[in-house]
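Trainee: The structure is given below, and queries will be raised subsequently.
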Amino acid sequence: MKPAFLRSPFSTLITLLTGLIVLLGYFLDFEPLREWRFRFLQWAILLAAVALFLGVFNLLRVHWGRLSESPSKAVYSLTFLGGFVSAVLMAGWLGIQHSLTRAVVDYVILPIEASLFVIILVTLLYALTRLLQHRLSVFSFVFLVTVLLSLIASIPLLGIEIPLLHGRDSLFSIALRILGTAGVRGLLIGVALGSVVTGIRVLFGLERPHGD
Amino acid sequence: MEAQRCPMCGRVNPPGLEVCQYCQARLKPLWVEPPQDSSPSIEVGSTRARTPSASNEPLLPDWLLESRLDLGGESSPRMSEQDDSEQPLSEEASADEERFGGLFSDELGETEEDVPEWLRSLRDESESDQGVTATAAIEEGSEPIPFWLDFEEGKAEESPSEAPPSEKVLPFHEMPFEGLDLEDESLLSEITAEAKPISAEEPQTVPPFETLEPFLLEEQPSFPPQEQGVPPQPSASTLQERASLSPEAAEDWMSEIPSWLDALPGQDWEEGETAAPETPPEFLEGIVPPFVETEEELSDIEFPAWLGQIESTLEPQLESLMDTLTPAETETLLQEESLGEISQEQPAQSLAQEEIPVEVVGPLHGLRGILPAEPLVAEQKKPSKALSELLVTDKQRAQAELFLKLIEEEGKPKPMPSPKRARPHILWRMLIFFALFAGAILGFVQPQFATPPQELSVGVFDAMQAVNQLPAQASVLLVVDIEGQDFAEMQATTAAMLDQMMIKGAFFVLVSANQSGALQADRLLREVSRLSGHQYQPSSGWVNLGYLPGGVAGMQAFSQSLTEVLPFTIDGEVAWQNDRLRNIRTLSDFDLVVVITEDSTRARQWVEQLKGHVLESRLLFAVSAQVEPLIRSYYEANPRQIQSVLAGIRDGAIYETQTARPGWAMKLWGAYTLVVLTAIALILVGSVFYAVLALLNRPQAQGEGKER
Chain D
2 MKPAFLRSPF
12 STLITLLTGL
22 IVLLGYFLDF
32 EPLREWRFRF
42 LQWAILLAAV
52 ALFLGVFNLL
62 RVHWGRLSES
72 PSKAVYSLTF
82 LGGFVSAVLM
92 AGWLGIQHSL
102 TRAVVDYVIL
112 PIEASLFVII
122 LVTLLYALTR
132 LLQHRLSVFS
142 FVFLVTVLLS
152 LIASIPLLGI
162 EIPLLHGRDS
172 LFSIALRILG
182 TAGVRGLLIG
192 VALGSVVTGI
202 RVLFGLERPH
212 GD
Chain E
3 MEAQRCPMCG
13 RVNPPGLEVC
23 QYCQARLKPL
33 WVEPPQDSSP
43 SIEVGSTRAR
53 TPSASNEPLL
63 PDWLLESRLD
73 LGGESSPRMS
83 EQDDSEQPLS
93 EEASADEERF
103 GGLFSDELGE
113 TEEDVPEWLR
123 SLRDESESDQ
133 GVTATAAIEE
143 GSEPIPFWLD
153 FEEGKAEESP
163 SEAPPSEKVL
173 PFHEMPFEGL
183 DLEDESLLSE
193 ITAEAKPISA
203 EEPQTVPPFE
213 TLEPFLLEEQ
223 PSFPPQEQGV
233 PPQPSASTLQ
243 ERASLSPEAA
253 EDWMSEIPSW
263 LDALPGQDWE
273 EGETAAPETP
283 PEFLEGIVPP
293 FVETEEELSD
303 IEFPAWLGQI
313 ESTLEPQLES
323 LMDTLTPAET
333 ETLLQEESLG
343 EISQEQPAQS
353 LAQEEIPVEV
363 VGPLHGLRGI
373 LPAEPLVAEQ
383 KKPSKALSEL
393 LVTDKQRAQA
403 ELFLKLIEEE
413 GKPKPMPSPK
423 RARPHILWRM
433 LIFFALFAGA
443 ILGFVQPQFA
453 TPPQELSVGV
463 FDAMQAVNQL
473 PAQASVLLVV
483 DIEGQDFAEM
493 QATTAAMLDQ
503 MMIKGAFFVL
513 VSANQSGALQ
523 ADRLLREVSR
533 LSGHQYQPSS
543 GWVNLGYLPG
553 GVAGMQAFSQ
563 SLTEVLPFTI
573 DGEVAWQNDR
583 LRNIRTLSDF
593 DLVVVITEDS
603 TRARQWVEQL
613 KGHVLESRLL
623 FAVSAQVEPL
633 IRSYYEANPR
643 QIQSVLAGIR
653 DGAIYETQTA
663 RPGWAMKLWG
673 AYTLVVLTAI
683 ALILVGSVFY
693 AVLALLNRPQ
703 AQGEGKER
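In order, the protein sequence lines correspond to chains D and E. Sequence positions in the first sequence follow our numbering and run 2 to 213. Sequence positions in the second sequence follow our numbering and run 3 to 710.
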């Protein structure tokens with residue numbers, strides 16, 4: 002089997018050159034290199050914007066196709082298409098600062114998304130209460146206690162200050178800062194190493210995120 | 003001329019025809035036997051003088067004919083010298099030699115030197131034996147000599163002067179019955195006694211090809227003896243018949259030319275020489291003569307009565323029918339008749355050809371009539387029983403049985419175990435929802451149930467310092483990457499800080515890496531301005547640059563040159579021509595950069611891409627409570643990578659408390675506190691209830707597990 006960079010050498014060469022120029026422009030203060038780096042980034046932004054348009058058109062095409070499949074699906078697709086057309090016409094014709102356009106955002110988009118978030122909250126609470134029923138173990142118990150302590154420490158209990166939980170210098174706050182920061186830094190280091198390795202593999206043609 | 007009657011079918015043919023027009027039999031014999039008186043019979047030892055004609059030559063191959071002609075010139079003088087003494091024998095021998103091209107001749111070119119020693123010794127022995135033993139036995143008369151041993155003696159006694167003893171053995175010269183006195187009754191009785199058992203056993207004789215393979219027998223019809231010119235072998239009855247003949251008749255029979263040989267071309271007789279009259283055998287006497295020459299002879303024949311009736315009825319009809327036919331029709335009928343005979347023979351031949359086995363394997367594949375040697379060669383032998391039996395121990399046998407049992411069980415269909423699904427406790431879920439909803443409503447309506455946070459966190463303190471250090475009419479970049487579901491939390495988190503900025507008359511530049519972030523940013527400033535009592539409006543209070551595509555690449559390009567990446571506002575106006583933004587060319591030109599996001603990944607990307615383009619002292623992060631652990635690692639780093647972090651409603655409420663301007667965060671704080679308290683209570687109650695339920699059901703569950 003051929004290596005990845007030999008299967009499509011042209012695209013691999015483009016990836017290699019652009020990646021090296023952007024990377025060198027990030028570290029080296031050289032004006033032509035910086036200029037080329039910026040051009041490449043602008044092209045990437047332009048391509049991403051075009052991809053967004055393509056995604057929107059693909060979404061429209063899928064829902065347009067569903068109109069002829071079944072009446073039950075056609076209802077939702079018809080609702081989507083109607084909302085999309087009205088929002089585009091409203092923002093394009095009246096402008097984004099028009100009160101009607103803002104009303105669509107304030108009274109349609111935000112309440113719907115907030116309601117979904119509330120559903121998630123109720124579902125998480127329900128699952129948490131039945132955790133011990135399905136998995137009665139030490140780890141489940143530790144997880145449950147940690148959640149409870151975090152919630153208790155986040156709010157004052159009707160004006161009652163618990164010494165070990167409330168306050169900046171409390172034991173729980175110190176543990177949360179140290180343990181939380183340590184864990185997150187470990188995750189960030191892992192993400193950084195993974196990004197570097199992935200970047201090197203892309204630069205050397207071993208990884209092909211742009212496809213074969 | 004008179005009409006001719008066919009000797010074969012008995013039908014009348016017109017005069018002048020040589021072949022019967024009905025059965026194609028010859029009407030006239032090839033030669034007519036002369037009367038007994040005019041033509042003496044040919045004696046034994048004499049031969050018909052034939053002209054050495056070239057008509058016999060087609061029988062011989064060219065090479066043999068040439069050699070014979072070459073040798074003929076040498077032999078002719080010797081033949082002339084021996085005319086007086088050996089004329090009968092030499093003439094007949096020469097005739098035979100001509101006929102067979104000298105194949106049996108030992109005179110031409112054969113000398114004592116050419117004869118091999120083994121043949122010479124055999125000749126000497128035969129001469130001595132014949133000269134001593136045979137003659138002595140006859141003279142003594144002690145024992146009857148078989149007739150086949152008496153040939154030479156009789157011949158010597160009968161014609162001692164005609165033919166001197168010669169070493170030559172000619173197949174057509176020395177007759178097997180020559181010299182026998184066939185009138186001797188004792189000899190005849192002996193011959194008949196030997197012939198009778200043969201005739202008696204004739205019906206019981208085994209067919210000569212019975213032991214042969216069937217496919218060999220099937221080949222026989224394709225090579226009839228008549229076509230190869232080989233005379234048929236005389237049967238036992240024929241031999242008996244010939245033995246019963248008189249000596250003269252026997253001589254005639256021996257000297258006569260066979261019919262198959264007589265049919266050959268060139269059989270011309272000399273003038274004055276006629277063949278001996280053909281005498282029918284005794285069992286055919288009085289029935290039908292083989293050839294009838296005249297009507298008188300035909301009238302003398304007595305046909306059966308039934309044959310006479312048929313003849314009398316069919317003959318007129320056939321004659322009338324033949325009279326109506328034209329010669330062309332007659333010829334057509336003859337051709338059709340010949341074709342019919344051929345077509346009747348073809349199926350038989352094809353059928354016989356199909357019955358011949360065809361080889362199907364090996365290099366002779368496709369050939370027909372191959373000897374079936376393969377079944378014998380490839381005969382399979384049954385393997386010995388000892389090799390086929392395995393030596394299996396009891397343990398191995400038990401394991402094999404267990405393995406077979408497992409395989410059988412795997413092949414059996416098993417009912418699909420119903421997935422153990424927890425029954426949905428709708429009542430419990432409804433209770434959770436209504437409890438949270440009631441706590442939120444009660445906390446929002448009655449905020450006094452919740453105690454406002456009094457402790458000042460480090461992040462809030464640093465943020466307050468950064469805002470307080472802003473100059474008047476400062477330019478602030480707001481990166482708003484929030485979704486609609488988190489808008490309320492982020493508004494509560496940033497409301498007090500934005501209020502302080504608006505108090506200082508800051509000018510905001512809005513940008514978002516989220517598709518709906520631009521609208522959320524616009525709404526955020528509107529709500530903060532409305533709730534705080536400011537008169538901030540677009541264009542005068544902020545510029546919305548809209549959506550920044552490209553993800554991390556867009557952030558990097560925006561950090562490098564924001565004016566080139568986003569030159570226009572969301573309304574399509576030139577962004578950087580605003581009076582408040584004339585001095586803005588890079589990110590470092592902003593007095594403060596605030597990133598507002600609830601997504602941890604997005605927060606990390608902005609930290610990484612803004613690094614180096616914005617001073618750490620001018621970079622603030624207002625994030626959701628869930629992002630605080632991640633962004634705190636950048637905040638608590640040494641040196642700090644960001645100036646401050648505002649996380650969640652709690653920090654927003656603290657900020658408002660510290661600024662003494664209660665706002666959106668404090669309104670939500672009561673509801674938030676009661677909802678969290680309700681959630682804690684529900685978790686405790688529910689966990690204890692279901693834990694007890696699980697403990698009660700554990701023995702039952704263990705029993706079900708054992709049953710499975």
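Note that the Cβ used here is the ideal one computed from N, Cα and C, for glycine as well.
1) Using the Cα positions of LEU34(D) and VAL554(E), report the straight-line distance between them to the nearest angstrom.
2) Closer than 6 Å by C-beta to VAL86(D): which residues in its own chain qualify, once you throw out the five before and the five after it? Chain order, please.
3) Using the C-alpha atoms, what's the distance from GLN337(E) back to GLU272(E)?
4) Got a sec: is the Cβ-Cβ distance from TRP608(E) to anything in chain D below 8 Å?
5) Using DSSP's beta-bridge definition, name the partner residues of PHE570(E).
6) Do you know whose CA, among GLN537(E), GLY461(E), GLY519(E), lies nearest LEU648(E)'s CA?
7) Taking ALA154(D) as part of the beta strand (DSSP E), name the residues at either end of that continuous run.
8) Which chain D residues sit within Cβ distance under 8 Å of ALA555(E)?
9) Among VAL89(D), LEU90(D), VAL63(D), ALA88(D), which has the Cα closest to the Cα of TYR77(D)?
10) Out of GLY364(E), ASN546(E), GLY688(E), PHE436(E), which has the shortest C-alpha to C-alpha gap to LEU129(D)?
11) Residue range of the beta strand (DSSP E) that PHE623(E) falls in?
12) So, are the CB atoms of GLY665(E) and ALA508(E) less than 8 Å apart?
13) Three-state secondary structure (DSSP) at GLN228(E)?
14) If you drop the 5 nearest sequence neighbours on each side, which residues of the same chain put their C-beta closer than 7 Å to that of VAL469(E)?
15) Can you round the beta-carbon distance between LEU617(E) and ILE644(E) to whole angstroms, since I take them to be within the 8 Å contact cut?
16) Does SER92(E) pass the burial test, meaning 16 or more other C-beta atoms within 10 Å, or should it be called exposed?
17) Report back the beta-carbon spacing between PHE623(E) and ALA605(E) to the nearest angstrom; my notes put them in contact at under 8 Å.
18) Give me the chain D residues within the contact set of TYR692(E), using Cβ-Cβ distance strictly less than 7 Å, ordered along the chain.
19) From VAL694(E), ARG525(E), TYR636(E), pick the residue whose C-alpha is nearest to that of ILE190(D); which is it?
20) Whole angstroms is fine: what's the gap from GLY543(E)'s alpha carbon to GLN537(E)'s?
21) In whole angstroms, give me the CA-to-CA distance for VAL119(D) and ALA50(D).
22) Give the secondary structure of LYS506(E) by DSSP, where H, G and I count as helix, E and B as strand, and everything else as coil.
23) Along chain E, which residues have their Cβ under 9 Å away from the Cβ of ARG103(D)?
24) GLN611(E) and MET557(E) look like a contact to me (Cβ under 8 Å); what is the Cβ gap, rounded to whole Å?
25) From which residue to which residue does the beta strand (DSSP E) around ASN59(D) run?
26) Sorted by chain position, which residues of the same chain lie with C-beta nearer than 6 Å to GLY441(E)'s C-beta, five sequence neighbours on each side aside?
27) In whole angstroms, what is the alpha-carbon distance linking SER168(E) and GLU333(E)?
28) Pull up the CB-CB distance for GLY650(E) and GLU491(E), whole angstroms please, since I reckon it's below 8 Å.
29) Got a sec: is the Cβ-Cβ distance from SER155(D) to anything in chain E below 8 Å?
30) State the Cα-Cα distance for the pair VAL146(D) and LEU512(E), rounded to the nearest angstrom.
31) Would DSSP call VAL478(E) helix, strand or coil?
32) Mapping DSSP to helix, strand and coil, what is GLY96(D)?
33) For VAL482(E), which residues of its own chain have a beta-carbon under 7 Å away from its beta-carbon, when the five flanking residues on both sides are left out?
34) Grab me the residues of PHE510(E)'s own chain with a C-beta within less than 6 Å of its C-beta, minus the 5 sequence neighbours each way, in chain order.
35) Secondary structure at LEU316(E), three-state DSSP: helix, strand or coil?
36) By the three-class DSSP mapping on this structure, what secondary structure does LEU594(E) have?
Mentor: Straight from the coordinates:
1) 19 Å
2) none
3) Model confidence at GLU272(E) stands at a pLDDT of 49, short of 50, so the residue's coordinates are unreliable; what they give is reported in the following sentence. If you take the alpha carbons of GLU272(E) and GLN337(E), they lie about 37 Å apart.
4) no
5) VAL576(E)
6) GLY461(E)
7) Careful: ALA154(D) lies outside any beta strand (DSSP E), inside the alpha helix (DSSP H) at 139 to 155.
8) LEU42, ALA45, ILE46, ALA49
9) VAL63(D)
10) GLY688(E)
11) 621 to 625
12) no
13) Confidence in GLN228(E) is poor, its pLDDT being 44 and thus under 50, which makes the residue's placement too unreliable to answer from.
14) MET499, GLN502, MET503
15) Wrong, their Cβ atoms sit about 11 Å apart, outside the cutoff.
16) Since pLDDT at SER92(E) reaches only 48, below the 50 mark, its modelled position is unreliable, and no value is offered.
17) 6 Å
18) THR130, ARG131, LEU133, GLN134
19) TYR636(E)
20) 8 Å
21) 32 Å
22) coil
23) LEU521, ASP524, ARG525, ARG528
24) 4 Å
25) Counting along the chain, ASN59(D) falls outside any beta strand (DSSP E), though it belongs to the alpha helix (DSSP H) covering 32 to 67.
26) LEU676, VAL677, THR680
27) Confidence at SER168(E) is low in this model, with a pLDDT of 42, below 50, so its placement is unreliable and the value that follows should be read with caution. Taking the straight line from one Cα to the other gives about 57 Å.
28) 7 Å
29) yes
30) 41 Å
31) strand
32) coil
33) LEU512, SER514, GLY519, GLN522, ALA523, LEU526, ILE598
34) VAL478, LEU480, TRP544
35) helix
36) strand
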